[in-house]
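Note that this note's numbering has the sequence shown beginning at 262, numbered continuously upward. Built from N, CA and C at the ideal position, the CB exists for glycine as well. Worksheet: one structure, shown below.
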Amino acid sequence: MRLAIGRPIRWTEVPAGVALGCALVLFGCGASGVSRPPLQGAERIVMAPVNLAVRLPQMLEDAVEPVNREMIRYLQERDARVAVIWPSDASNLWRDAVATVAQSDPGERRLDEAVGEFVRALTEHADFQLFMLPSLVIRGARVRGRTAEWDGVRRRVTGRSTGVAGAGHHEPGTEFGDTHWSGEIPAVSLHVLVFTPGGRRVYEGWGGLVLTHAPALSNEWRAGAPSILLQPGAFDDPEQIHEGIAVALDAYAGSLSP
Numbered sequence: 262m263r264l265a266i267g268r269p270i271r272w273t274e275v276p277a278g279v280a281l282g283c284a285l286v287l288f289g290c291g292a293s294g295v296s297r298p299p300l301q302g303a304e305r306i307v308m309a310p311v312n313l314a315v316r317l318p319q320m321l322e323d324a325v326e327p328v329n330r331e332m333i334r335y336l337q338e339r340d341a342r343v344a345v346i347w348p349s350d351a352s353n354l355w356r357d358a359v360a361t362v363a364q365s366d367p368g369e370r371r372l373d374e375a376v377g378e379f380v381r382a383l384t385e386h387a388d389f390q391l392f393m394l395p396s397l398v399i400r401g402a403r404v405r406g407r408t409a410e411w412d413g414v415r416r417r418v419t420g421r422s423t424g425v426a427g428a429g430h431h432e433p434g435t436e437f438g439d440t441h442w443s444g445e446i447p448a449v450s451l452h453v454l455v456f457t458p459g460g461r462r463v464y465e466g467w468g469g470l471v472l473t474h475a476p477a478l479s480n481e482w483r484a485g486a487p488s489i490l491l492q493p494g495a496f497d498d499p500e501q502i503h504e505g506i507a508v509a510l511d512a513y514a515g516s517l518s519p
């Protein structure tokens, strides 16, 4: 069954390098400068809004714009033209796609079939070679001493004080150096699915982005599991985000040329 679209899907063009707002449709030309191999030969890629198919946790709302920006930069570095559908249009089209799949098989909700319906509907409005479905997912990062590891990345772990300020103590809420604790803390990963215009999945990748929490060690803490505190400014480092995107996609796209 084909999806019925009452009006054209909205697109807006912006040149590469322009600051990107997550509330708009984004369409980027290939990046200028050093030319690098396109992503699997794809010159035009459509990217879904982040977490189109999976509910976005409220704590990750601030991550949407920097992840959008860095994904587009990553793809433009490979001379791809990138389009992101206007979020409201994408949501409506996704809802219709899910409903269409449910009608054909009410007992199951199959992601790949819903994406297939979605992508085939998009081909009526744009010519593209690949469709990407990115999602932000909270995962567990394994902490061993001073580092946390998950989904292909390593990050330094810095504790946060919850003790009472004073001589020999740290101001509550401030960073006070490396921890020597082993356990698990929340982290964010990028999950990316790649589809052809015909709706066939050709790739799935994961890449760790940032640590969202830090162990909170009181001045009296000696052993056992510490409390875990939300880490402010977790998404302020674009290079960490860019690295995680590369981990998620390099196996498909190939590493950057030196």
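In terms of DSSP beta bridges, what is ARG462 paired with? PHE456
Taking the alpha carbon of ALA512 as the point to measure from, which residue in THR408, LEU454, MET308 and GLN319 has its own alpha carbon closest? LEU454
State yes or no: is the C-beta of THR408 within less than 8 Å of the C-beta of ARG400? no
Burial state of ASP497, where buried means 16 or more other Cβ atoms lie within 10 Å: exposed
GLY444 versus ASP323 - alpha carbon distance: 26 Å
Between the region 307-318 and the region 389-404, are three or more C-beta pairs nearer than 8 Å? yes
For HIS452, which of GLU410, ASP357 and ALA507 has the nearest alpha-carbon? ALA507
Pairwise C-alpha distance: MET308 and PHE389: 10 Å
Please report how far the alpha carbon of GLY427 lies from the alpha carbon of VAL380, in whole angstroms. At GLY427, the pLDDT of 40 sits below 50, so the modelled position is not reliable; the number obtained from the coordinates is stated separately. Near 60 Å, if we compare the C-alpha coordinates of VAL380 and GLY427.
Please identify the residue among HIS386, VAL376 and ARG403 whose C-alpha is closest to the C-alpha of MET393. VAL376
Give the straight-line distance between the Cα atoms of LEU383 and VAL359, rounded to the nearest whole angstrom. 15 Å
For the candidate residues ARG371, LEU510 and THR457, whose alpha-carbon lies nearest to that of GLU465? LEU510
Pull up the distance between the alpha-carbon of MET332 and that of GLN364, whole angstroms please. 34 Å
Look at the alpha carbon of THR435 and the alpha carbon of GLY406, and state the distance between them as a whole number of angstroms. For THR435, the predicted model reports a pLDDT of 43, less than 50, meaning its position is unreliable; a value from the coordinates is still stated below. Approximately 19 Å, taken between the alpha carbons.
ILE502 in three-state terms, based on DSSP: helix
From the DSSP secondary-structure annotation, give me the bridge partner or partners of LEU321. None; LEU321 has no bridge partner.
Does GLY459 pass the burial test, meaning 16 or more other C-beta atoms within 10 Å, or should it be called exposed? exposed
To the nearest whole angstrom, what separates the beta carbons of GLU378 and VAL404, a pair I think is in contact under 8 Å? So it is not a contact: roughly 41 Å between Cβ atoms.
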